[in-house]
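**Student:**
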Amino acid sequence: MEYTEIMIRYGELSTKGKNRKDFIGRLAGNVTKVLRDFPQVEIHPKHDRMHIVLNGAPFKQVDQHLKKVFGIQTYSPTIKTEKTLKDIEETALALMKETYHEGMTFKVNTKRSDHHFTYDTNELNLMVGDYLFDHMSNLKVEMKHPDIVLRIEVRQDAVYISDELLHGAGGMPVGTGGRAVMMLSGGIDSPVASYLALKRGVDIEMVHFYSPPYTTEKALNKAKELTGILANYAGRINFIAVPFAEIQETIKEKIPEGYLMTVQRRFMLRLADLIREKRKDLAIFNGESVGQVASQTLESMAAINDVTTTPVLRPVATMDKTEIISLAEKIGTFDLSIQPFEDCCTIFAPPRPKTKPKMDKAREYEARLDVDGLIERALDGIEVTPIYPDEKFLANKAEEDTALL
Ligand code: ATP
Ligand code: MG
Numbered sequence: 003m004e005y006t007e008i009m010i011r012y013g014e015l016s017t018k019g020k021n022r023k024d025f026i027g028r029l030a031g032n033v034t035k036v037l038r039d040f041p042q043v044e045i046h047p048k049h050d051r052m053h054i055v056l057n058g059a060p061f062k063q064v065d066q067h068l069k070k071v072f073g074i075q076t077y078s079p080t081i082k083t084e085k086t087l088k089d090i091e092e093t094a095l096a097l098m099k100e101t102y103h104e105g106m107t108f109k110v111n112t113k114r115s116d117h118h119f120t121y122d123t124n125e126l127n128l129m130v131g132d133y134l135f136d137h138m139s140n141l142k143v144e145m146k147h148p149d150i151v152l153r154i155e156v157r158q159d160a161v162y163i164s165d166e167l168l169h170g171a172g173g174m175p176v177g178t179g180g181r182a183v184m185m186l187s188g189g190i191d192s193p194v195a196s197y198l199a200l201k202r203g204v205d206i207e208m209v210h211f212y213s214p215p216y217t218t219e220k221a222l223n224k225a226k227e228l229t230g231i232l233a234n235y236a237g238r239i240n241f242i243a244v245p246f247a248e249i250q251e252t253i254k255e256k257i258p259e260g261y262l263m264t265v266q267r268r269f270m271l272r273l274a275d276l277i278r279e280k281r282k283d284l285a286i287f288n289g290e291s292v293g294q295v296a297s298q299t300l301e302s303m304a305a306i307n308d309v310t311t312t313p314v315l316r317p318v319a320t321m322d323k324t325e326i327i328s329l330a331e332k333i334g335t336f337d338l339s340i341q342p343f344e345d346c347c348t349i350f351a352p353p354r355p356k357t358k359p360k361m362d363k364a365r366e367y368e369a370r371l372d373v374d375g376l377i378e379r380a381l382d383g384i385e386v387t388p389i390y391p392d393e394k395f396l397a398n399k400a401e402e403d404t405a406l407l
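For the numbering used here, add 2 to where a residue sits in the sequence shown, where the first one is 1.
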């Protein structure tokens with residue numbers, strides 16, 4: 003039996019008035035974007051719920067996209083039926099026959115917004131329940147925690163029946179929180195931080211530092227492909243590649259080894275902030291986790307953060323590596339993140355970075371460099387690429403194999 007509609011319940015919608023309108027409008031826009039491959043689908047945003055009319059689009063495929071849209075708390079695929087007892091009973095039975103397995107418990111739960119309908123909710127619960135008992139064997143009813151809740155909604159235009167309540171992605175619609183730059187490396191943490199920023203409704207643009215010829219095209223493409231995975235949650239993400247080799251060479255030549263890393267990071271943050279400003283974004287996100295490595299101690303963060311007063315948000319700051327990894331697996335970035343293509347930080351990483359760098363020392367050493375010139379040339383070299391869901395940038399194994407034949 004094919005579902006005909008999806009009913010969507012909104013997420014964290016505590017706000018009213020204009021914010022509520024913005025929330026619903028964004029959500030409708032974001033749903034439209036992820037379902038662009040299904041032109042027959044109609045989206046009807048209402049004050050308390052959203053209805054998606056499938057018009058023949060297969061629910062299973064639509065669901066692959068819908069489950070990644072932030073701002074949806076729960077949703078139910080439903081079947082629309084005529085407002086007659088016979089139609090309601092037959093549809094309920096057909097749905098139950100597909101979902102019910104030996105030993106499961108169920109209950110019928112009716113709601114009415116059409117209060118003039120012939121039967122009230124109690125009557126419908128009983129009549130449909132009896133009908134199911136008459137036509138299926140071994141059914142078990144359970145009121146408190148049934149395995150299946152058969153939901154029947156009697157509305158003005160028709161009756162809607164569903165047997166599933168699915169959990170949405172939660173969070174808030176991407177875009178309701180404004181836009182920020184995200185510092186994306188090719189590692190495990192920053193893609194997870196990206197997901198968490200998007201989840202709170204913040205639209206992001208990736209800033210990625212790369213250092214040809216020290217880093218390969220593959221490392222750059224890996225970061226782009228990670229962006230493609232994350233674009234599933236955003237519809238589209240701009241990828242801003244920033245050339246970083248000249249800065250790294252200069253730092254390596256002129257800065258004492260213990261401060262190589264601190265000064266590099268200060269340059270990264272400065273550049274990210276200037277790009278943010280140019281693009282009118284509101285904040286900077288990164289994938290730092292407290293204490294994970296030398297550059298992520300509180301002392302290091304203070305010495306690095308010194309270059310800007312813009313809010314720098316760190317969604318994975320308090321998470322353990324194992325927690326970050328399990329989220330990375332859930333959102334589908336982990337396997338790509340652990341591919342061993344060295345990025346610019348790995349290559350210029352000093353063997354013994356200071357875990358407690360001093361801010362004034364960092365400033366003092368940095369003053370030996372032509373900071374403005376270095377920054378200007380890096381900014382001149384940036385390239386912006388819009389990246390779409392699941393866009394691929396690394397040739398897959400099969401293709402490589404064919405190329406060799
Ligand atoms: P990740 O797994 O995200 O790479 P990490 O634990 O390896 O994080 P670092 O390499 O020290 O940590 O980087 C800390 C943060 O700095 C990253 O999460 C990211 O936000 C930012 N960063 C590091 N390298 C780059 C880069 N090449 N381009 C942009 N941002 C970067
Ligand atoms: Mg890294």
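Glycine included, C-beta positions come from ideal geometry on N, C-alpha and C.
Owing to the predicted nature of the structure, the values given are computational and were not obtained by experimental measurement.
(1) Which residue spans inside the region 253-307 form an unbroken alpha helix (DSSP H) run of at least 4?
(2) Should the region 29-36 be called in touch with the region 70-79, which here means at least 3 C-beta pairs below 8 Å?
(3) Please determine, among Gly-179, Gly-289, Pro-258, the residue with the shortest C-alpha to C-alpha distance to Lys-363.
(4) Considering just the uninterrupted stretch of the alpha helix (DSSP H) at Pro-193, what are its terminal residues?
(5) Take the Cβ of Thr-80 as the centre, count every other Cβ of all protein chains shown within 10 Å, and call the residue buried at 16 or more, exposed below.
(6) In angstroms with no decimal places, state the Cα-to-Cα distance between Ile-231 and Ser-339.
(7) In terms of DSSP beta bridges, what is Asn-111 paired with?
(8) Less than 8 Å between C-beta atoms, sequence neighbours within five positions excluded: which residues of the same chain meet that for Ala-160?
(9) Give every residue of the same chain whose Cβ lies closer than 7 Å to the Cβ of Asn-57, excluding the five residues on either side of it in the sequence, and list them in chain order.
(10) Please state whether DSSP places Tyr-390 in a helix, a strand or coil.
(11) Helix, strand or coil for Ile-90 per DSSP?
(12) Quick check: does the Cβ of Leu-167 come within less than 7 Å of any heavy atom belonging to the ligand ATP?
(13) Distance, Cα to Cα, Lys-360 vs Arg-272?
(14) What does DSSP give as the partner residues of Gly-172 in its beta bridges?
(15) Less than 7 Å between the CB of Val-209 and some heavy atom of the ligand ATP, yes or no?
(16) Could you tell me the boundaries of the beta strand (DSSP E) in which Phe-416 lies?
(17) Since Gly-177 and Gly-203 are thought to touch, with beta carbons under 8 Å apart, how far apart are those beta carbons, to the nearest angstrom?
(18) Can you list, in chain order, the residues of its chain with a C-beta nearer than 7 Å to that of Leu-134? Leave out the 5 residues immediately preceding and following it.
(19) So Leu-222 and Ala-247 are supposed to be a Cβ contact under 8 Å. How far apart are they, rounded?
(20) Which value, in whole angstroms, describes the spacing of the CA atoms of Ser-2 and Gly-334?
(21) Among Phe-395, Leu-29, Asn-21, whose alpha-carbon lies nearest the alpha-carbon of Gly-172?
(22) At the level of alpha carbons, what is the spacing between Asp-308 and Thr-264?
(23) So is the beta-carbon of Leu-329 under 7 Å away from any non-hydrogen atom of the ligand ATP?
(24) Taking all protein chains shown into account, do 16 or more other C-beta atoms lie within 10 angstroms of the C-beta of Gln-298, making it buried, or fewer, making it exposed?
(25) Please classify Gly-180: is it buried, with 16 or more other beta-carbons within 10 angstroms of its beta-carbon, or exposed?
(26) Ordered along the chain, which non-local residues of its own chain (more than five positions away) have a Cβ less than 6 Å from that of Asp-205?
(27) Rounded C-beta distance between Asp-116 and Val-156? I'm assuming under 8 Å.
**Tutor:** So, from the listed chains and residues:
(1) 262-280, 300-307
(2) Counting Cβ pairs under 8 Å, three or more are found: they touch.
(3) Pro-258
(4) 191-201
(5) Answer is buried; the Cβ neighbour count reaches 16.
(6) The C-alpha of Ser-339 is placed about 11 Å away from the C-alpha of Ile-231.
(7) Arg-153
(8) Lys-82, Thr-83, Glu-84, Lys-85
(9) Gln-42, Val-43, Glu-44
(10) coil
(11) helix
(12) no
(13) 18 Å
(14) Assignment of beta-bridge partners to Gly-172 by DSSP yields Ile-74.
(15) yes
(16) Not covered by the structure: residue 416. The range shown for the chain is 3 to 407.
(17) 7 Å
(18) Ala-94, Leu-95, Met-98, Leu-141
(19) Incorrect: roughly 12 Å between the Cβ atoms, too far for contact.
(20) Given that the chain is displayed from residue 3 to residue 407, the structure contains no residue 2 and the question cannot be resolved.
(21) The option with the nearest alpha carbon to Gly-172 is Leu-29.
(22) 11 Å
(23) no
(24) By the Cβ-count criterion, Gln-298 is buried, with 16 or more other Cβ atoms from all chains shown falling within 10 Å of its own Cβ.
(25) exposed
(26) Val-176, Gly-177, Arg-181
(27) 5 Å
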